[in-house]
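> Pasting a structure here, questions to come.
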Amino acid sequence: MNLDKNSSMDRDEPLIESEAWIAKSDDSSAKLFARRFKKHKLAVAGLAVMAVLALCAIFAPLIAPYDPSTITDSFSAAPSWQHPLGTDQIGRDELSRLIYAARISLSVGIGSILISSVIGTVLGLVSGYYGGWVDNIIMRITDVFMSFPYIMLILVVASIVGPGLTNIILILGFLGWPSVARLVRGNVLSIKETDYVKASVVLGFKTPRILFMHILPNTVAPILIYATSGVAGAILDEAALSFLGLGVQPPTPSWGNMLASAQSLTVLTSQPWQWIPPGVMIILSVLSINFIGDALRDALDPKNTK
Amino acid sequence: MFNYVIRRLLIAIPVLFGVTIINFVIMRMAPGNPVDMLVNPKLPEAALEAKRIELGLNAPAYEQYFRWLGNLFRGDLGYSMITYQPVGKMIGEHMGPTLLLMGIALILGIAIAIPLGVLSASKQYSKLDYFAVTGSFLGISIPNFFLALGLIYVFALHLKILPSSGMTELGSGGGFTDVLVHLILPVIVLTANVAGRNIRYVRSSMLEILGQDYLRTARAKGLGEFLVVNRHAMRNALIPIVTVLGMEIPILFGGAVVIEQIFSWPGIGQLTMSSIMSRDYSMIMGLNLVAAFIVIAANLLTDIAYALVDPRIKNSYQGAAAK
């Protein structure tokens, strides 16, 4: 009320506008979020694409015309009515594999980001809140992990612990936390100086309560934005790893290992149905997730008043 | 400034040690014993034991670590388990082609990203802006190996105008134009990545600066838009770009592994993949270590360069020294 009076007096604005301002601020934050998000047409489209992909992944057994690892009648057959996207070199239906591969890519993306976000958030909270030598040690460890070229480190670890779906999720999860830790730490450093955190300290709240009930909720937005682009990154990393033969292993289909068939010159030149569709699926999903991440950034930005 | 450099160097030292420790731990996790690789397994157990003692493999882990670290300080990275050649020498031989590839891609990528990002920010919501932002999203969303396959499909297999593998034509002397022609496709792939990552970065940095008060002042005193953008805004917007160079190095190394594999480019990336495939752990560890050292050095240099171009950092340290 006080604030409203000030603004109308200082700037000599007509009363009607300051009322509009009140009405706007009365909007629930969810509505405000939805309105800002909807402005990004591409992000809305991306959300629709991801919803369809998620449904395909969940109901894969119902949608896919064949079992993904069953060998059908023809090898490397061109697209036809029986096989809308043709078959691969050992006669498995490409469309069915493409649908089942969505399961793999989405679980790698979401699974690994969940792991790295949890590790990174806890370390970032502790590092930023306590400061001093704790902060110093955690940040130097972060520096050490970030010094290795990410893809190279993943490849090396994958070659030692062995490939496979679970291992890939664990490797990407346990190696991806440093950037989250840095991000959360930076946010905690500024939140720690706010009055409400100082008040909780004065009130004698226990540290875990301050960290998880008061500081964490205020860092959720940047973590969410980071995690979204992280999912896109993890899908790309899984694809690259599987393409190089160190990721998800056939017969389990993944868009990356389906693309690996294009390393053979005959497939690359004369059987494009074997490698273009999985590539397009990767681009489509990664692009959609990146658009969503960009819209989230705008919609969750507290400085944004539109 | 001097204080800042010293402080920054001191921070790099524990990180360097951390890198060697992590590297050593990973090496210890690797299955198999170097002795099994080095000597004939048909030798009697006593001979194998003697070899293990000679190599110090029975010593406790920390002792092995310090022995390995000592060798490292003398520039000895050990021997490849497959080719028996010194690891350092093999990495040295493969470093040139990779640095050539990465260097050209980095320069071209930044040379595309800066003007596009600046133009896109100064003409926000124009057609050019949408074009640049969309291009940027595509650059980060297309898997580099898929783009590589697509380019090979079009330019090498169908149009037959560009070579798809190697650094020179087999049997030729490997002249300048020969290498240049072989560089085109891999460089396009890596450049698309670099430009894609940085166009939006330059754009948002520029947008932030364009909203500053001193630019309003510059416009208010009647300065033309061209001078406002090119003289006042761009200089400050480009300062954060310096740090990008440091961040790009590790990503480019990762990209090189995949791209060199596809284009049979005789560099570090191909050496990494072939050592991983043949389980040549001493080679892998050497590569990982050298790559990490290059990344640390690049970060150190960019941080110092940042302090040089951003007077705020220099001043804050001069102020601290005066106290």
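Keeping their order, the protein sequence lines are chains S and L.
When you line the first sequence up against our numbering, it's residues 4 to 309, in that order.
When you line the second sequence up against our numbering, it's residues 2 to 324, in that order.
Every residue, glycine too, gets a C-beta built ideally from N, C-alpha and C.
Bear in mind that the values here come from a model prediction, so they are computed numbers and not experimental data.
Please list the terminal residues of the continuous alpha helix (DSSP H) segment that includes aspartate 146 of chain S.
Within the first sequence, the letter at position 143 stands for residue 146 of chain S. Element bounds for aspartate 146 of chain S: 135-150.
> Between the Cα of leucine 98 of chain S and the Cα atoms of S/Ile295, S/Val283, S/Ser291, S/Ala298, which residue gives the shortest distance?
Start at 1 with the first residue of the first sequence, and residue 98 of chain S comes out as number 95. The shortest C-alpha separation from leucine 98 of chain S is found at S/Val283.
> For threonine 145 of chain S, collect the residues of the same chain with a Cβ closer than 7 Å to its Cβ; drop the 5 residues on either side in sequence, then sort them by chain order.
To locate residue 145 of chain S, count along the first sequence from 1; it is residue 142. Taken in chain order, the residues that qualify are Pro181, Ala184, Arg185.
> Is glycine 19 of chain L close to chain S? Criterion is C-beta to C-beta, closer than 8 Å.
Position 18 of the second sequence holds residue 19 of chain L. Chain S, which has a Cβ nearer than 8 Å to the Cβ of glycine 19 of chain L, makes this yes.
> Give me the Cα-Cα distance between aspartate 29 of chain S and phenylalanine 36 of chain S, rounded to the nearest whole angstrom.
Counted from its first residue, the first sequence places residue 29 of chain S at position 26. Counted from its first residue, the first sequence places residue 36 of chain S at position 33. With a pLDDT of 48 at aspartate 29 of chain S, under the threshold of 50, the modelled position of that residue is not reliable, and no figure is offered here.
> Out of L/Val188, L/Ser206, L/Met207, which has the shortest C-alpha to C-alpha gap to valine 259 of chain L?
On the second sequence, residue 259 of chain L is found 258 positions in, with the first residue counted as 1. When only C-alpha atoms are compared, the closest one is L/Val188.
> So, with DSSP's three-state summary, where would you put tyrosine 85 of chain L?
Indexing the second sequence from 1 puts residue 85 of chain L at position 84. If DSSP states are grouped into helix, strand and coil, tyrosine 85 of chain L belongs with coil.
> Alpha carbon to alpha carbon, what distance is there between glycine 89 of chain L and glycine 76 of chain L?
For the purposes of this step, residue 76 of chain L is identified with residue 75 of the second sequence, where counting begins at 1. For the purposes of this step, residue 89 of chain L is identified with residue 88 of the second sequence, where counting begins at 1. Computed Cα separation, rounded: 8 Å.
> Return yes when the Cβ of glycine 140 of chain L is within less than 8 Å of the Cβ of alanine 193 of chain L, no when it is not.
The residue you call residue 193 of chain L lines up with position 192 of the second sequence. The residue you call residue 140 of chain L lines up with position 139 of the second sequence. Contact flag set, yes.
> Taking the continuous alpha helix (DSSP H) assigned at lysine 201 of chain S, which residues delimit it?
For the purposes of this step, residue 201 of chain S is identified with residue 198 of the first sequence, where counting begins at 1. Taken as a continuous stretch (DSSP letters only), the alpha helix (DSSP H) holding lysine 201 of chain S covers 198-205.
> Between valine 296 of chain L and chain S, is the shortest Cβ-Cβ distance under 8 Å, so that the two count as touching?
Taking the second sequence and counting its residues from 1, the one referred to as residue 296 of chain L is at position 295. Closer than 8 Å: yes.
> How is the alpha helix (DSSP H) around alanine 224 of chain S delimited, first residue to last?
On the first sequence, residue 224 of chain S is found 221 positions in, with the first residue counted as 1. 223-246 is the span of the alpha helix (DSSP H), which, as asked, contains alanine 224 of chain S.
> Going by C-alpha distance, which of S/Ala46, S/Gln252, S/Tyr132, S/Ala237 is nearest threonine 197 of chain S?
Here the question's residue 197 of chain S lines up with position 194 in the first sequence. For threonine 197 of chain S, the nearest C-alpha among the options comes from S/Tyr132.
> Looking only at its own chain, which residues have a Cβ that is under 8 Å from the Cβ of arginine 14 of chain S, when we skip the five neighbours before and after it?
Numbered from 1 along the first sequence, position 11 holds the residue referred to as residue 14 of chain S. Low confidence applies here, because arginine 14 of chain S scores a pLDDT of 42, under 50, leaving its location unreliable; read the following figure in that light. If we look at arginine 14 of chain S and ignore the five residues flanking it on each side, it has no Cβ neighbours.
> Give me the residue from L/Tyr215, L/Ala62, L/Met103 with the minimum Cα distance to isoleucine 295 of chain L.
Locating residue 295 of chain L in the second sequence gives position 294, counting from the first residue. The candidate whose alpha carbon is nearest that of isoleucine 295 of chain L is L/Met103.
> Locate the alpha helix (DSSP H) running through serine 77 of chain S, then write down its first and last residues.
Here residue 77 of chain S corresponds to residue number 74 of the first sequence, with the count starting at 1. Neither: serine 77 of chain S is in no alpha helix (DSSP H) and is coded neither H nor E.
> Any idea what DSSP makes of aspartate 311 of chain L, helix, strand or coil?
For the purposes of this step, residue 311 of chain L is taken as residue 310 along the second sequence, with counting starting at 1. If DSSP states are grouped into helix, strand and coil, aspartate 311 of chain L belongs with coil.
> Taking 7 Å as the line, does the beta carbon of leucine 186 of chain S fall inside it for any heavy atom of the ligand FMN?
Questions concerning the ligand FMN fall outside what the structure shown contains, since it holds no ligand whatsoever.
> Considering leucine 44 of chain S, what are the terminal residues of the alpha helix (DSSP H) in which it resides?
What you label residue 44 of chain S is simply residue 41 of the first sequence in a count that begins at 1. Before going on, a small fix: residue 44 of chain S reads as lysine here, not leucine. Start and end: 44-61.
> Rounded to whole angstroms, what's the CA-CA distance from leucine 148 of chain L to leucine 49 of chain L? Just pull it up for me.
Numbered from its first residue, the second sequence carries residue 148 of chain L at position 147. Numbered from its first residue, the second sequence carries residue 49 of chain L at position 48. Whole-angstrom Cα-Cα distance: 49 Å.
> Can you tell me whether DSSP reads tyrosine 202 of chain L as helix, strand or coil?
Start at 1 with the first residue of the second sequence, and residue 202 of chain L comes out as number 201. The answer is helix: DSSP assigns tyrosine 202 of chain L an H, G or I state.
> Give the secondary structure of threonine 399 of chain L by DSSP, where H, G and I count as helix, E and B as strand, and everything else as coil.
Because residue 399 of chain L is not part of the residues shown, which for chain L are 2 to 324, the question remains open.
> What's the call for alanine 47 of chain L, buried or exposed, on a 16-neighbour Cβ count within 10 Å?
The sequence position of residue 47 of chain L within the second sequence is 46, counting from 1. Its Cβ having fewer than 16 others within 10 Å, alanine 47 of chain L is exposed.
> Compute the beta-carbon to beta-carbon distance between threonine 73 of chain S and leucine 168 of chain S, rounded to the nearest angstrom, for a pair I have assumed lies under 8 Å.
Start at 1 with the first residue of the first sequence, and residue 73 of chain S comes out as number 70. Start at 1 with the first residue of the first sequence, and residue 168 of chain S comes out as number 165. With a Cβ gap of about 20 Å, threonine 73 of chain S and leucine 168 of chain S do not count as contacting.
> Give me the Cα-Cα distance between tyrosine 5 of chain L and glycine 135 of chain S, rounded to the nearest whole angstrom.
Here residue 5 of chain L is taken as the residue at index 4 of the second sequence, counted from 1. Here residue 135 of chain S is taken as the residue at index 132 of the first sequence, counted from 1. Cα-Cα distance, rounded: 19 Å.
> Would the segment 88-104 of chain S and the segment 223-230 of chain S be scored as touching if the rule is three or more Cβ pairs under 8 Å?
No contact exists between the segment 88-104 of chain S and the segment 223-230 of chain S.
> By the criterion of Cβ-Cβ separation under 9 Å, what are the contact partners of isoleucine 27 of chain L in chain S?
Reading the second sequence from its first residue, position 26 is the one you call residue 27 of chain L. Within chain S, the residues near isoleucine 27 of chain L are Leu156, Val159, Val160, Ile163.
> Report the rounded CA-to-CA distance for aspartate 304 of chain L versus proline 312 of chain L, giving the unit in angstroms.
If you number the second sequence from 1, residue 304 of chain L lands on position 303. If you number the second sequence from 1, residue 312 of chain L lands on position 311. Each residue's alpha carbon lies about 13 Å from the other.
> Helix, strand or coil for tyrosine 69 of chain S? Go by DSSP, reduced to three states.
Mapped onto the first sequence, residue 69 of chain S falls at position 66. Three-state DSSP puts tyrosine 69 of chain S in coil, outside helix and strand.
> Using three-state DSSP, classify threonine 255 of chain S as helix, strand or coil.
As a working mapping, residue 255 of chain S is identified with position 252 in the first sequence. Coil, per DSSP.
> I need the DSSP call for tyrosine 126 of chain L, collapsed to helix, strand or coil.
Along the second sequence, one-based indexing puts residue 126 of chain L at 125. Of the three classes helix, strand and coil, the one that applies to tyrosine 126 of chain L here is coil, per DSSP.
> What are the uninterrupted segments assigned as beta strand (DSSP E) that are 3 or more residues long and contained completely in the segment 264-296 of chain L, given in chain order?
None, since the segment 264-296 of chain L contains no complete beta strand (DSSP E) of that length.
> Exposed or buried, which one is methionine 30 of chain L when buried takes at least 16 other CB atoms within 10 Å?
If you number the second sequence from 1, residue 30 of chain L lands on position 29. Methionine 30 of chain L comes out exposed.
> Can you tell me which of the three DSSP states aspartate 96 of chain S falls into?
Reading the first sequence from its first residue, position 93 is the one you call residue 96 of chain S. Here aspartate 96 of chain S sits in strand by DSSP.
> Using 8 Å as the threshold, is the C-beta distance between threonine 231 of chain S and isoleucine 295 of chain S below it?
Position 228 of the first sequence holds residue 231 of chain S. Position 292 of the first sequence holds residue 295 of chain S. Contact: yes.
> How would you list, in chain order, the residues of chain L whose beta-carbon sits under 8 Å from the beta-carbon of asparagine 293 of chain S?
One-based indexing of the first sequence puts residue 293 of chain S at position 290. In chain order: Phe138, Ile141, Ser142.
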